[in-house]
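In full-length UniProt numbering, the protein residues as written are 1 to 413.
Given below as structure tokens:
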């Protein structure tokens, strides 16, 4: 079977996956996609993209099988041992030393696959701080676009072959033996927040001290990589570090990241982000779709994370949640999975929607305060004043709105 790399039927297949399955592969390298798609099609004896599209439409679970084929999760504990030793002896101690004894640390494993990477990171910080201090101070985030991989990572079960790269003393300390292999200690697993996340499309995490994204970016086009690196720049604190895989480099992005160790692919956040205030375009897209990463949008995301004791949310000009601070997450029960959902579907969106649609605020383009908004829950009745502030680019384009929920009354039921 010989398949061309760029034909209308192939693009139609990608569009179907994107809009009907939520599986956006448009930023991936076409050569890799074609090769792996060929493997899946051959396994079910299909010879054309058009026939495979029809097969997808009539078999609800086929897209998951395709995703498993496309997203080959080749990983292991402490993969590239020298790089991990450098991280353990140089970077983790720097992060710990830069903090006050009671100050929190935030670590993000982006593209976590089956969890080997995030559990390796957890062990490093537990060794540096002690287990109890690590449990109290370090919050880990592990995200991936592959739901099946996330589910596997949450289980934290690995066979005997998978744990051979773990030093024996760490294996004994952090894992429990099972009939089929080993499982990571349950109490420590609770330090990790797992979530679905598309690096090329979703808003990034924030205030991260160490961001590990290893052997993931090689599958993306250069244009998509560029947009992801801008997101990573926003995600990191000014003192944060980025840890990449051996096949990845930031040679073309030194204006936003400073090499700490080229040998081990560790970078520090550059403090002088000099990007034009324009959108990065992905020329591979048939509709020349816009990748929503601009300098102004970085400022927009930062607005939602300014130091505040009140719940703050950021909603973009499409009406989707793109950021929420910790107070908002606790108050409304929000998680990482809620990011990029329509705001009107979420609990805070219903409060705002009881007064007017977001489109009304977008049209007015001015600050508005909603007074005495009632919120009834099983815990009682709360009242809010909700401030809605428009956020603009340097060219006065509306990027979205920032919402602050001033809670001033709670009546217990």
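No residue lacks a Cβ here, since even glycine has one placed at the ideal position from N, Cα and C.
Quick check on residue i: buried or exposed, where buried means 16 or more other Cβ atoms within 10 Å of its Cβ?
i, result
"residue 330", "exposed"
"residue 227", "buried"
"residue 429", "There is simply no residue 429 to check, as the chain begins at 1 and stops at 413 in what is shown."
"residue 103", "exposed"
"residue 291", "Only weak support exists for where residue 291 lies, its pLDDT of 35 falling under 50; the coordinates are left without a value."
"residue 55", "exposed"
"residue 124", "buried"
"residue 44", "exposed"
"residue 26", "buried"
"residue 13", "buried"
"residue 137", "buried"
Hey, quick one: how far does the alpha helix (DSSP H) through residue i stretch, first residue to last?
i, result
"residue 327", "326-332"
"residue 349", "347-353"
"residue 134", "131-137"
"residue 364", "358-364"
"residue 165", "Looking at the DSSP string, residue 165 is not in any alpha helix (DSSP H), and its letter there is neither H nor E."
"residue 53", "49-58"
If you check the beta carbons only, do residue i and residue j fall under 7 Å apart?
i, j, result
"residue 114", "residue 149", "yes"
"residue 375", "residue 351", "yes"
"residue 258", "residue 270", "yes"
"residue 180", "residue 95", "no"
"residue 194", "residue 156", "no"
"residue 348", "residue 361", "no"
"residue 417", "residue 236", "No answer is possible for residue 417: it lies beyond the span of the chain, which begins at 1 and ends at 413."
Within the continuous beta strand (DSSP E) that includes residue i, where are the two ends?
i, result
"residue 375", "368-377"
"residue 312", "311-316"
"residue 106", "105-110"
"residue 194", "192-196"
"residue 267", "266-269"
What residue from the options has the CA that sits closest to residue i's CA?
i, options, result
"residue 190", "210, 132, 239", "132"
"residue 40", "52, 29, 30", "52"
"residue 182", "134, 164, 221", "164"
"residue 396", "365, 195, 405, 372", "365"
"residue 382", "393, 360, 408, 370", "408"
"residue 403", "393, 392, 387", "387"
"residue 38", "29, 49, 28", "49"
"residue 158", "146, 139, 145, 176", "176"
"residue 385", "357, 371, 377, 398", "371"
"residue 153", "109, 161, 127, 128", "109"
Does any heavy atom of the ligand GTP sit closer than 6 Å to the C-beta of residue i?
i, result
"residue 220", "Inclusion of the ligand GTP in the displayed structure is not the case, the ligand content being empty and no account of it being possible."
Note to self: Below 8 Å, how does it come out for the region 79-93 and the region 261-270: are there three or more Cβ pairs, yes or no?
What the structure shows: yes
Notebook entry, point to check: Does the region 313-322 come close enough to the region 162-181 that 3 or more CB-CB pairs lie under 8 Å?
Noted result: no
Notebook entry, point to check: Do the region 204-212 and the region 230-248 make contact, defined as three or more Cβ pairs closer than 8 Å?
Noted result: yes
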